[in-house]
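**Q** Quick one: this structure, given as structure tokens, is what I'll be asking you about.
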Amino acid sequence: MDERTRYFRRLRRLRGSARRWSVIGGGLAAAAAVLTPYQGIGLPDAFWAAGAGATVALAWWRWSDHRALAATPAPPPPVQLPPGQRLVDAVERFPAGRSLVHEMRRQRTRYALRGATVAQSWDRLDRAASTMQGLAGRLIGAGETAMLEAAVAEEWLRDLGQRAASVERALPLSPPEQRAALATAHESLAGQFTEGVTAYERLVAAAASFVAEDGHPVADDRHPALVRLMEATDRMRGVAEGLSELRQYRPAG
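First residue of the sequence shown? That's 17 in the numbering used here, and the numbers climb one at a time after it.
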């Protein structure tokens, strides 16, 4: 349930509650006003008057809450998503579904670029971006800055590649007198895209080098975790051999 629906539902409930308590309070007040003069003020009349006062107070509070809520602007209506988008959002809540949707979008974009000059460079960009995502969890410290720069560069490159492909598709439709200028513009866009993909691949390679060097110990070729694992293995082997020797030399009962 969205906020706008919840707002109007609460407003209706407050109005209905205020009306009910107003009717009950009015009925009790009228009964107390009619019955009291006939028998004087006694204990039952005190209950009638107390009930009437309590219900009138409750009705007044309910009307106050209703007016305060009605004075608050209603939340904006929710954005209506296409029916298919709701299914996509539901699938993307799971890691496997998110990967599946990402792959489907990548394949759709790749299909739209089939036959274009930038198609091969686009495939290189896909491979480099996939590699960068695998390195993302290990880029810490100075590597985080490179990760942010890679994300910005990837977004710019994808926009540039799609723009170059669009200009290329428009070449056969352009008038002959404008085709030469459009071809020059397309060549410039495609060249810039290819050069950008090469620079992006170099950034990914540098990030991989950073991750590789960050995993090396300072003074030894072996990682401390590997050294501790080997030492623990040697200790367990020594204990097992010692127990075996004790069992062999144990005197017979």
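Think of the CB as a built atom: it goes at the ideal place given N, C-alpha and C, for glycine as much as any other residue.
Whole angstroms is fine: what's the gap from Arg195's alpha carbon to Pro188's?
**A** Taking the straight line joining both Cα atoms gives about 8 Å.
**Q** Would Thr147 pass as a contact of His202 if the rule is Cβ separation under 9 Å?
**A** Going by C-beta atoms, Thr147 is not nearer than 9 Å to His202.
**Q** Among Pro191, Ala215, Arg154, Ala199, whose alpha-carbon lies nearest the alpha-carbon of Ala228?
**A** When only C-alpha atoms are compared, the closest one is Arg154.
**Q** Report the rounded CA-to-CA distance for His82 versus Thr21, giving the unit in angstroms.
**A** Those two C-alpha atoms are separated by around 16 Å.
**Q** Should Gly258 be labelled buried (16 or more other beta-carbon atoms within 10 Å of its own) or exposed?
**A** Burial call: exposed.
**Q** Select from Gly157, Pro192, Ala206 the residue whose C-alpha is nearest the C-alpha of Arg179.
**A** Looking at the Cα atoms, Ala206 is the closest of the given residues.
**Q** State the CB to CB distance for the pair Tyr216 and Ala169, rounded to an integer number of angstroms; the pair is presumed to be in contact (CB under 8 Å).
**A** Indeed, because the Cβ distance is near 6 Å, the residues count as touching under 8 Å.
**Q** Would you identify the three-state DSSP class for Pro188, choosing helix, strand or coil?
**A** Note: Pro188 maps to helix in three-state DSSP.
**Q** In whole angstroms, give me the CA-to-CA distance for Ser33 and Ala75.
**A** Roughly 8 Å separates the two Cα atoms.
**Q** My understanding is that Val213 touches Leu173, with C-beta atoms under 8 Å, so please give their C-beta distance in whole angstroms.
**A** The Cβ separation is near 6 Å, so the contact holds.
**Q** Would you give the residue range spanned by the alpha helix (DSSP H) that Arg143 belongs to?
**A** Where Arg143 is concerned, the enclosing alpha helix (DSSP H) stretches over 135-151.
**Q** Considering only residues of the same chain and omitting the five flanking positions on each side of Pro91, which have a CB-CB separation below 6 Å?
**A** Answer for Pro91: Glu19, Arg20, Tyr23, listed in chain order.
**Q** Given a cut-off of 9 Å on the beta-carbon distance, is the pair Ile40 and Thr88 in contact?
**A** The answer is no: Cβ separation not under 9 Å.
**Q** Use the C-beta contact count for Val255: other C-beta atoms within 10 angstroms, 16 or more gives buried, fewer gives exposed.
**A** By the neighbour-count rule (16 or more Cβ atoms within 10 Å), Val255 is not buried but exposed.
**Q** Would you report the Cα separation of Glu144 and Ala166, rounded to the nearest angstrom?
**A** The sequence shown places Ala at residue 144, not Glu. One C-alpha to the other measures close to 10 Å.
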